[in-house]
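Remarks on the structure that follows.
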């Protein structure tokens with residue numbers, strides 16, 4: 001008797017995916033939310049900054065009358081760990097087209113005292129109401145076809161220690177930005193990749209907050225190793241992304257005093273620039 005064929009795994013959908021479940025919050029009171037930060041989005045035991053930004057972004061989407069982040073700026077105060085956390089939001093201003101709010105995420109120390117991990121200020125609106133007029137000199141990054149790029153499964157882990165987040169991403173890196181993995185960093189401070197969620201969930205504005213901070217650090221291509229913690233991250237969401245994989249390009253032009261900037265662009269399958277970001281990160285020298 002022939003063996004039954006194995007049915008292909010169903011693609012996750014927006015609202016019903018691991019990313020949605022792991023960023024879901026429970027409203028305790030108006031403006032106050034509880035969440036258990038998942039260990040599935042960690043690197044070297046610290047929770048990824050893009051995942052954290054998506055958590056806070058989801059809380060603000062609930063607290064504000066508008067659902068879509070237009071601009072969100074985060075200051076990372078202390079490293080977040082998997083486990084219980086509380087998010088507190090505050091509505092700063094509401095308007096017809098934009099609403100502004102702030103939010104902070106807290107965890108608890110060994111004595112039960114709250115420790116603020118991250119604080120954000122954001123403006124939200126409705127991406128579907130924006131005009132279609134686009135005038136830009138920006139061009140999509142030149143990345144080889146997805147099948148000619150390489151993911152974490154094709155080589156050693158990019159950093160020592162835990163990299164659980166890579167199991168939840170579809171990440172295929174441009175070979176021309178992989179010199180660091182071969183012990184031959186280019187020195188150019190560039191990283192480019194195809195990006196998606198491993199369960200096939202299509203991108204939306206909240207997942208763009210993850211995409212800008214999900215690639216290996218550009219510091220690797222400058223010849224540095226180890227954790228590169230984010231100090232500040234600002235993301236601009238420009239339009240709702242089309243279904244399918246995204247292309248992410250990140251560049252660093254200046255490392256000085258132990259800090260570097262990373263400028264990211266995220267492009268969708270319709271060749272639209274759907275998100276931009278800049279972050280300041282700390283690096284270990286020597």
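Residue numbers (our numbering): 1 to 286.
Backbone N, C-alpha and C define an ideal beta-carbon position, used for all residues, glycine too.
Given the structure is predicted, the values throughout are model-derived calculations rather than measurements.
Quick one: what does DSSP say residue i is sitting in, helix, strand or coil?
i           : result
residue 142 : coil
residue 262 : strand
residue 134 : coil
residue 82  : coil
residue 125 : strand
residue 219 : helix
residue 190 : strand
residue 256 : strand
residue 68  : strand
residue 45  : coil
residue 212 : coil
residue 284 : coil
residue 56  : helix
residue 116 : strand
residue 16  : strand
residue 37  : strand
residue 203 : coil
residue 61  : helix
residue 50  : helix
residue 11  : coil
residue 227 : coil
Which value, in whole angstroms, describes the spacing of the CA atoms of residue i and residue j?
i           : j           : result
residue 218 : residue 44  : 17 Å
residue 185 : residue 149 : 17 Å
residue 27  : residue 205 : 21 Å
residue 37  : residue 253 : 33 Å
residue 81  : residue 93  : 31 Å
residue 227 : residue 40  : 17 Å
residue 359 : residue 153 : Because the chain spans 1 through 286 in this model, residue 359 falls outside it and cannot be assessed.
residue 132 : residue 108 : 46 Å
residue 22  : residue 114 : 22 Å
residue 53  : residue 210 : 7 Å
residue 164 : residue 18  : 13 Å
residue 281 : residue 178 : 20 Å
residue 195 : residue 283 : 24 Å
residue 223 : residue 269 : 32 Å
residue 267 : residue 230 : 22 Å
residue 176 : residue 12  : 31 Å
residue 257 : residue 20  : 38 Å
residue 272 : residue 166 : 25 Å
residue 201 : residue 240 : 14 Å
residue 189 : residue 216 : 11 Å
residue 220 : residue 182 : 11 Å
residue 259 : residue 285 : 10 Å
Across which residues does DSSP place residue i in a beta bridge pair?
i           : result
residue 195 : 171 and 246
residue 93  : 100
residue 32  : 29 and 88
residue 73  : 121 and 234
residue 275 : 237 and 266
residue 150 : 173
residue 108 : 114
residue 251 : 190 and 263
Note down, in chain order, each residue of its chain lying with its Cβ closer than 8 Å to the Cβ of residue i, except the 5 sequence neighbours on either side.
i           : result
residue 278 : 233, 234, 261, 262, 263 and 264
residue 61  : 67, 68, 69, 124 and 206
residue 306 : With the chain covering 1 to 286 only, the question about residue 306 has no answer from this structure.
residue 116 : 77, 78, 104, 105 and 106
residue 161 : The predicted position of residue 161 is uncertain, since its pLDDT is 48 and thus under 50; a value taken from the coordinates is nonetheless stated next. The residues are 43, 44 and 45.
Starting from the C-beta of residue i, find all residues in its chain whose C-beta is less than 6 Å away, skip the five residues before and the five after it, and write them out in chain order.
i           : result
residue 119 : 75 and 104
residue 141 : 192, 247 and 249
residue 99  : 64, 65, 66 and 124
residue 121 : 73 and 102
residue 158 : In this predicted model, residue 158 has a pLDDT of only 49, less than 50, meaning its place in the structure is not dependable enough to derive any value.
Below 8 Å on the Cβ atoms is my guess for residue i versus residue j; work out the distance and round it to an integer in Å.
i           : j           : result
residue 55  : residue 87  : 7 Å
residue 274 : residue 238 : 6 Å
residue 126 : residue 31  : Contact flag wrong, Cβ pair sits at about 21 Å.
residue 170 : residue 245 : 7 Å
Leaving out the 5 sequence neighbours to the left and right, which residues in its chain are closer than 7 Å to residue i when beta-carbon positions are compared?
i           : result
residue 49  : 76, 213, 230 and 233
residue 172 : 146, 149, 150, 151, 193 and 194
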